[in-house]
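Right, one structure below, let's go through it.
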Amino acid sequence: RMPEEHEERYAMTVLGTQWPRPTLYERINLRVERMMQAGLLEEVRALLDSGVSPDAQSMQGLGYKEVIPYLAGQATREDTVELISRRTRNYAKRQLTWFNREPGLIWIDMKSQPQKEWAARIAARWHDEH
């Protein structure tokens, strides 16, 4: 079934940030480590202890499902962190593929443009279009 055509109600600008792949991966790895330090293991353990099934939809989110084998003694912390990081990188790649299909998306090159420059570019483009 084809999506219905609809009238745009609001003027909007959609932005996407482009990071060099090594930088993106480094940021993902740091984020996963921060999640672990912020209590991801304890959160998943508490959910399981409260009776939430490992098969529950809420336990299928990125990070949650990877922690379950660790808590069951079937994986090391290092392997768990690597698995979450790898799956997050794969998810980021799928997101980029999806966003690349979005018409009118303004990509901001986070490597080459200082924040003030890209903020001015966004404002100018939005002003020109509206």
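In terms of our numbering, the sequence shown opens at residue 143 and continues consecutively. Ideal placement from N, C-alpha and C gives every residue a C-beta, glycine not left out. Since the model is a prediction, treat every value here as computed from it, not as a measurement.
Based on the DSSP secondary-structure assignment, which residues constitute the bridge partners of residue i?
i	result
Asp251	Gln160
On the CB-based measure, 16 or more other CB atoms within 10 Å of its CB, does residue i come out buried or exposed?
i	result
Thr222	buried
Tyr206	buried
Leu204	exposed
Leu182	buried
Going by the CB atoms, is the gap between residue j and residue i shorter than 8 Å?
i	j	result
Gln160	Asp251	yes
Arg229	Tyr167	no
Glu244	Val156	yes
Asn171	Ser254	no
Met201	Leu189	yes
Gly193	Trp249	no
When you compare each of the options to residue i by their alpha carbons, which one comes out closest?
i	options	result
Pro211	Ser254, Pro196 and Ser200	Pro196
Trp268	Pro256, Glu185 and Leu247	Leu247
Gly215	Lys253, Pro164, Trp249 and Arg187	Arg187
Val209	Trp240, Gly193, Val174 and Pro162	Val174
Glu184	Ala217, Leu213 and Glu149	Leu213
Closer than 8 Å, CB to CB, is residue i near chain B or not?
i	result
Val174	Although the question refers to chain B, the structure presented lacks it and comprises just one protein chain.
Cβ-heavy atom distance between residue i and the ligand ADP below 7 Å?
i	result
Val186	This structure lacks the ligand ADP; in fact it carries no ligand of any kind.
Whole angstroms is fine: what's the gap from residue i's alpha carbon to residue j's?
i	j	result
Asp191	Glu220	23 Å
Tyr233	Phe241	12 Å
Ala261	Met154	15 Å
Gln237	Arg163	14 Å
Ala180	Tyr152	38 Å
Lys258	Ala266	12 Å
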